[in-house]
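So the structure is just underneath, and the comments pick up after that.
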Amino acid sequence: MPAIGARRGSTRRIDYWPSFVDALSTLLLVIIFLLSVFMLSQFFLSQEISGRDTLLNRLNSQIAELTELLALERSDKRSLESQLASLTDSLAAAEGESDRLAGLLDERAGAGSDANATIDKLREAVAGEKEVSQRAMAQVELLNQQIAALRRQLGALEAALEASEQRDRESQSKIANLGKRLNVALAQRVQELARYRSDFFGRLREILSQRSDIRVVGDRFVFQSEVLFSSGSEDINPAGRTELNKLAGALQELERDIPDEINWVLRVDGHTDVRPLGTGGRFRSNWELSAARAIQVVQYLVSQGVDPTHLLAAGFGEFQPIVNEENDEAYAQNRRIELKLTER
0 MPAIGARRGS
10 TRRIDYWPSF
20 VDALSTLLLV
30 IIFLLSVFML
40 SQFFLSQEIS
50 GRDTLLNRLN
60 SQIAELTELL
70 ALERSDKRSL
80 ESQLASLTDS
90 LAAAEGESDR
100 LAGLLDERAG
110 AGSDANATID
120 KLREAVAGEK
130 EVSQRAMAQV
140 ELLNQQIAAL
150 RRQLGALEAA
160 LEASEQRDRE
170 SQSKIANLGK
180 RLNVALAQRV
190 QELARYRSDF
200 FGRLREILSQ
210 RSDIRVVGDR
220 FVFQSEVLFS
230 SGSEDINPAG
240 RTELNKLAGA
250 LQELERDIPD
260 EINWVLRVDG
270 HTDVRPLGTG
280 GRFRSNWELS
290 AARAIQVVQY
300 LVSQGVDPTH
310 LLAAGFGEFQ
320 PIVNEENDEA
330 YAQNRRIELK
340 LTER
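Quick note on numbering: the sequence shown equals residues 0 to 343 in numbering that gives the first Met the number 0.
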């Protein structure tokens with residue numbers, strides 16, 4: 000019996016799985032449907048919101064335009080009110096001016112006789128002005144004549160000035176030609192003087208050829224100081240006078256040979272060595288000693304008959320050495336008297 004009951008119980012067991020699947024499927028379909036509905040509603044809602052935003056922006060733009068128009072209207076209103084006030088003031092002023100003019104018209108109506116008298120006086124004045132104008136016209140005519148005369152004088156002055164400028168140009172041309180000829184003449188004189196210098200030095204070489212301490216250096220004839228002076232003295236010694244006598248004779252011959260129109264001069268330059276003078280002497284510097292020796296030579300030549308206008312003395316001290324060395328031989332060469340024939 001119990002076995003039979005057990006079998007019955009086993010045959011009555013119910014299978015719930017298919018029903019559960021169907022329920023889940025149905026539930027899923029419902030959820031999908033709800034999601035679709037939600038998405039569609041969201042889409043339509045967004046479209047509606049977008050349209051409302053566009054409409055709202057448009058309304059805001061229109062509100063801004065209306066605000067600007069309202070501001071312009073208010074400004075125009077204020078301007079019109081100002082113009083109306085101005086026109087009102089102008090009207091009041093015009094009415095006041097009309098009243099004033101009416102009063103003046105009444106006054107002038109009463110002063111008509113005075114106006115006629117004034118008109119007569121004005122006519123007399125106009126007549127006087129015409130007379131004055133005629134006199135002024137005559138004066139203007141006289142002034143025009145004077146201006147014409149001044150213009151003629153100015154033309155004559157301009158012609159004279161042009162002629163003067165032409166003469167000036169011709170004079171400048173002549174001056175330029177004279178300058179060229181003068182330069183040529185000066186060059187010729189320089190050449191002549193160079194020739195006479197050459198002849199003069201040639202004569203001196205012949206006269207003084209026996210002295211080794213007298214020589215030609217460039218364009219100068221050089222005497223060593225010992226030929227003419229004792230040490231530290233400006234007095235010419237006897238041997239020096241003998242040599243200067245020969246020089247004076249040559250200069251006198253040169254004066255006879257050179258034409259008078261050539262301005263020449265024999266420059267006598269005194270030079271010393273670099274060693275300073277001893278204390279207690281007559282001269283304070285080598286410069287004074289060199290100048291004194293040059294002057295002594297010039298004065299002696301003048302005493303021997305040489306024209307003083309052809310002589311010039313200069314002292315250079317130790318500042319123009321021939322040899323830039325410090326020894327006895329260099330000192331001896333730098334102590335010298337130089338003769339240079341040049342233009343005055």
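Ideal Cβ positions, reconstructed from N, Cα and C, are used throughout, including at glycine.
In the DSSP assignment, residue 231 falls outside any alpha helix (DSSP H), carrying neither H nor E. Remark: fewer than three beta-carbon pairs, one from each stretch, lie closer than 8 Å, so the segment 192–204 and the segment 318–336 are not flagged as touching. In terms of Cα proximity to residue 262, the closest of 269, 253, 84 and 73 is 253. The distance from the Cβ of residue 255 to that of residue 341 is about 19 Å, inconsistent with a contact at the 8 Å cut-off. Between residue 330 and residue 259, the C-beta spacing is not below 7 Å. Between the segment 224–233 and the segment 275–293 there are three or more inter-stretch CB-CB distances shorter than 8 Å, so the stretches are counted as touching.
If you draw a straight line from the Cα of residue 138 to the Cα of residue 157, it comes to about 28 Å. Secondary structure at residue 220: strand, using DSSP grouped into helix, strand and coil.
The C-beta of residue 216 has fewer than 16 other C-beta atoms within 10 Å across all chains shown, which makes the residue exposed. Shown here, residue 277 sits in coil according to DSSP, grouped into three states, outside any helix or strand.
In this structure, the CA atom of residue 148 is about 20 Å from the CA atom of residue 135. In this structure residue 251 touches residue 305 by the C-beta definition: roughly 6 Å separates them, less than 8 Å. In the structure shown, the three-state DSSP call for residue 341 is strand. Under a 10 Å Cβ-count criterion, residue 333 is classified as buried, with 16 or more other Cβ atoms of the shown protein chains found around its own Cβ. Going by DSSP, residue 264 is part of the beta strand (DSSP E) stretching over 263–270. Looking from the CA of residue 218, the closest CA among 47, 193, 237 and 239 belongs to 193. Pairing residue 328 with residue 268 gives a Cβ-Cβ distance that is not under 7 Å. The continuous beta strand (DSSP E) containing residue 314 extends over residues 310–314. Just so you know, the alpha carbons of residue 276 and residue 224 end up roughly 15 Å apart.
Pairing residue 39 with residue 62, the inter-Cα distance amounts to about 34 Å. CA-CA distance, residue 30 to residue 37, rounds to 10 Å. For the pair residue 312 and residue 293, the CB atoms are nearer than the 7 Å cut-off.
Residue range 285–302 is occupied by the alpha helix (DSSP H) that includes residue 292. In this structure, the alpha-carbon of residue 43 lies about 52 Å from that of residue 78.
The beta carbon of residue 155 is closer than 8 Å to none in its chain, skipping five residues each way along the sequence. According to the DSSP assignment, residue 333 belongs to the alpha helix (DSSP H) that extends over 327–333. Counting only the Cα atoms, residue 150 lies some 10 Å from residue 143.
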